[in-house]
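In this note's numbering, the protein residues as written are 42 to 505.
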């Protein structure tokens, strides 16, 4: 049997022997693999959907409707192409080495960092001061990134690597996926693993941005940071999410927030503000339950005009509230939550995408917030005059000055939800794995400290 297959710009002719047993679909795929390098499980033959079902591989080509001199089209990536896409580039390796070097050069072990105490023991470190609470955004993102690196076995997602990761996971199967996964997350589906990969990529890019922003101390260094923020929003693809840091550092108030930006269309975006700190909480919905007071740390505003988010002045004012602490000058008492919630936020969201759009108010937009999730406790949400989406994202207000790490974790979970991890049980299992990795890193630091102590003790004994 002769089959002609179109693959890219080349035409491949496959000759299969017509023996007593008719040629099977698997034999055709194996011949194509020999000539193209595309593995059978990663081949997609267009025109006949049944040819792409692995259960039909043992059937003959005649049973599948493929006759002599048939013409097919093949789509797929060869093994070298897959390896090249998933291999870390030299630039990425250099960034990884710098990140690991920065982690090794931290002045304190991870169990002494404020991001560790804030994530693991927020209610118990209130008022204890540094190093049990506080800490900057860059440090919080770095420690969270380190834990995610151990959880995300697929590596950080790039702009074009999602499809390849899906193909690789499909080729591995459920058992092989569980083998390479984190011990506490072997129950995750392939879609959940991809969501973790994409969310990790967004957080890693946010860390690099925060690292650059925290080093800016004069106008010559601040303006490139502002331009980078604008270019990141401008280059955001439709359907993708961008995570950026923010907050304020004034004389009497300091708090970290995170911005999640989603491009819905060419000229409209959705903006989500995440604030887990106690500064600014009066602006967030809150209500009392039978056990405690809870609030919604997430404010979502849909249909924001892209012209507002691409305004350099807006980003200069927003980032300057947070970056003011970089310099050695005195902090201002006018840098506080009111500047963000009463001035910048309404200016950003209350103007529609079109000039003819009627005016709208941030409070009304917030109360009408909705998303694709459905909540079983809609009646409870209605009793508190809030939508089910607000009720779904409720959280206990933080008690310590740990808004940076708590907000980063909340933003990460929200990203996971937007990327498809909607089951609350799966979200909790990922957070549990993060805490597990925080503890494992602390155990490693303590073990290294104990080994150094024992070597020093042994040396002293020998000298005596």
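Backbone N, C-alpha and C fix where the C-beta goes; we use that ideal spot for every residue, glycine too.
**Asked** Is DSSP giving residue 461 helix, strand or coil here?
**Response** coil
**Asked** Within 10 angstroms of its Cβ, does residue 233 collect 16 or more other Cβ (buried), or is it exposed?
**Response** buried
**Request:** Look up residue 418 in the DSSP assignment and say whether it is helix, strand or coil.
**Result:** Residue placement at residue 418 is flagged as unreliable, the pLDDT there being 48, under the threshold of 50; a coordinate-derived value is accordingly withheld.
**Request:** Could you tell me the distance, in whole angstroms, from the CA atom of residue 80 to the CA atom of residue 71?
**Result:** 8 Å
**Item:** Residue from 350, 365 and 363 with nearest C-alpha to residue 507
**Value:** This structure cannot settle anything about residue 507, because the visible part of the chain is limited to 42 through 505.
**Of the residues 47, 429, 103 and 341, the one placed nearest residue 84, counting alpha carbons only** = 47
**Request:** Let me know the beta strand (DSSP E) ranges lying completely inside the stretch 55-102, each 3 residues or longer, listed in chain order.
**Result:** Runs of the beta strand (DSSP E) inside the stretch 55-102: 85-87.
**Of the residues 251, 331, 169 and 264, the one placed nearest residue 445, counting alpha carbons only** = 251
**Message:** So, with DSSP's three-state summary, where would you put residue 290?
**Reply:** strand
**Message:** Taking a contact to mean a Cβ-Cβ separation below 7 Å, would you say residue 185 touches residue 452 in this structure?
**Reply:** no
**Request:** Reducing DSSP to helix, strand and coil, say where residue 432 ends up.
**Result:** helix
**Message:** Between the alpha carbons of residue 112 and residue 61, how many angstroms are there, rounded?
**Reply:** Rounded to the nearest angstrom, the two C-alpha atoms are 24 Å apart.
**Asked** Whose CA, out of 288, 274 and 480, lies closest to the CA of residue 303?
**Response** 274
**Request:** Taking only the alpha-carbon atoms, compute the straight-line gap between residue 506 and residue 242 and give it to the nearest angstrom.
**Result:** Coverage of the chain is limited to positions 42 through 505, which leaves residue 506 absent and any answer about it impossible.
**Message:** Tell me the rounded alpha-carbon separation between residue 347 and residue 97.
**Reply:** A direct Cα-Cα distance of roughly 49 Å separates residue 347 from residue 97.
**Message:** At the level of alpha carbons, what is the spacing between residue 224 and residue 314?
**Reply:** 33 Å
**Request:** Check the DSSP bridge columns for residue 303 and list the partner residues they point to.
**Result:** Beta bridge pairing from DSSP links residue 303 with 282 and 311.
**Message:** According to DSSP, is residue 376 part of a helix, a strand, or is it coil?
**Reply:** coil
**Exposure label - residue 256; buried when at least 16 CB within 10 Å** = exposed
**Prompt:** Can you tell me the Cα-Cα spacing of residue 391 and residue 400, whole angstroms?
**Reply:** Straight through space, the alpha carbons of residue 400 and residue 391 are spaced by roughly 7 Å.
**Request:** Classify residue 59 as buried or exposed, calling it buried when 16 or more other Cβ atoms lie within 10 Å of its own Cβ.
**Result:** Counting Cβ neighbours within 10 Å, residue 59 comes out exposed, since fewer than 16 surround it.
**Prompt:** Nearest-angstrom Cα distance between residue 106 and residue 312?
**Reply:** The C-alpha of residue 312 is placed about 51 Å away from the C-alpha of residue 106.
**Message:** Tell me which residue opens and which closes the beta strand (DSSP E) that residue 159 is part of.
**Reply:** Premise fails: residue 159 lies in the alpha helix (DSSP H), 155-161, not in any beta strand (DSSP E).
**Request:** With residue 246 as the anchor, note down where its alpha helix (DSSP H) starts and where it stops.
**Result:** 231-255
**Prompt:** Alpha carbon to alpha carbon, how far is residue 167 from residue 320?
**Reply:** Residue 167 and residue 320 have their C-alpha atoms roughly 14 Å apart.
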